[in-house]
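Participant: Everything in the sequence shown is counted per my numbering, starting at 1 for the first residue and increasing by one.
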Amino acid sequence: MSNESSGGTSGDVQSVNFDSFDIGGADGGVNDIDLVLDIPVNVTVELGRAKMQIRNLLALSYGSVVELDVLAGEPLDVMVNGCLIAQGEVVIVNDRYGIRLTDIVTPTERLRKLNR
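(1) Do you know whose CA, among L76, V91, V93, D19, lies nearest I104's CA?
(2) I'd like the list of long-range same chain contacts for Q87, defined as Cβ closer than 7 angstroms, with 5 residues on each side in sequence excluded.
(3) Please classify I85: is it buried, with 16 or more other beta-carbons within 10 angstroms of its beta-carbon, or exposed?
(4) For E89 and V80, I'd like the C-alpha separation in whole angstroms.
(5) Just how far apart, CA to CA, sit A72 and D32?
(6) For R55, report the span of its beta strand (DSSP E) as first-last.
(7) Tell me where the beta strand (DSSP E) around E46 begins and ends.
(8) Ordered along the chain, which non-local residues of its own chain (more than five positions away) have a Cβ less than 6 angstroms from that of V45?
(9) Ends of the beta strand (DSSP E) at I104?
(10) Can you name, in chain order, every residue of its own chain whose Cβ lies under 7 angstroms from the Cβ of V41, other than the five neighbours on each side?
Written as structure tokens, this is what we have:
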């Protein structure tokens, strides 16, 4: 039987320091943020939420109505990877739903929220 802890390794463990992303780019070269600009993210528009008991969930059928926690006419939340970045109103664009942004978080605040 070994005295080594599970998942442990023999040897020295050292800390690693990573450079932080810099929005300004003081050296005039490529900004650190440019490295991530082409990464895809999930954008979701949330109409509302509901909380219900499992018995009520199992009783849902065609034609059932689920009441949401948002009043008609209230702005909808725009989420990026689960983080609120804006609010807006529903519009129709070429027979598809869209959202017109009415309130948006600043770019600096958006980056801060996405880095959590």
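Positions of the beta carbon are idealized from the N, C-alpha and C atoms, including for glycine.
Facilitator: According to the structure data:
(1) Working through the sequence shown from its first residue, we reach residue 104 at position 104. Cα-wise, what sits closest to I104 is L76.
(2) Indexing the sequence shown from 1 puts residue 87 at position 87. P75, L76, D77, V78, T102, D103, listed in sequence order.
(3) The count along the sequence shown starts at 1 and reaches residue 85 at position 85. Label assigned to I85: buried.
(4) Along the sequence shown, one-based indexing puts residue 89 at 89. Along the sequence shown, one-based indexing puts residue 80 at 80. If I take the Cα positions, the gap works out to 17 angstroms.
(5) By one-based count along the sequence shown, residue 72 stands at place 72. By one-based count along the sequence shown, residue 32 stands at place 32. Taking the straight line joining both Cα atoms gives about 42 angstroms.
(6) Position 55 of the sequence shown, counted from the first residue, corresponds to residue 55. Counting along the chain, R55 falls outside any beta strand (DSSP E), though it belongs to the alpha helix (DSSP H) covering 54-58.
(7) Stepping through the sequence shown from its first residue, residue 46 is reached at position 46. Unbroken beta strand (DSSP E) run through E46: 43-46.
(8) Walking along the sequence shown from the start, residue 45 turns up at place 45. Taken in chain order, the residues that qualify are L76, V78, I99.
(9) As a position in the sequence shown, residue 104 is number 104, starting the count at 1. Start and end: 96-104.
(10) The residue labelled residue 41 in the question sits at position 41 within the sequence shown. Correct list, in chain order: V80, N81.
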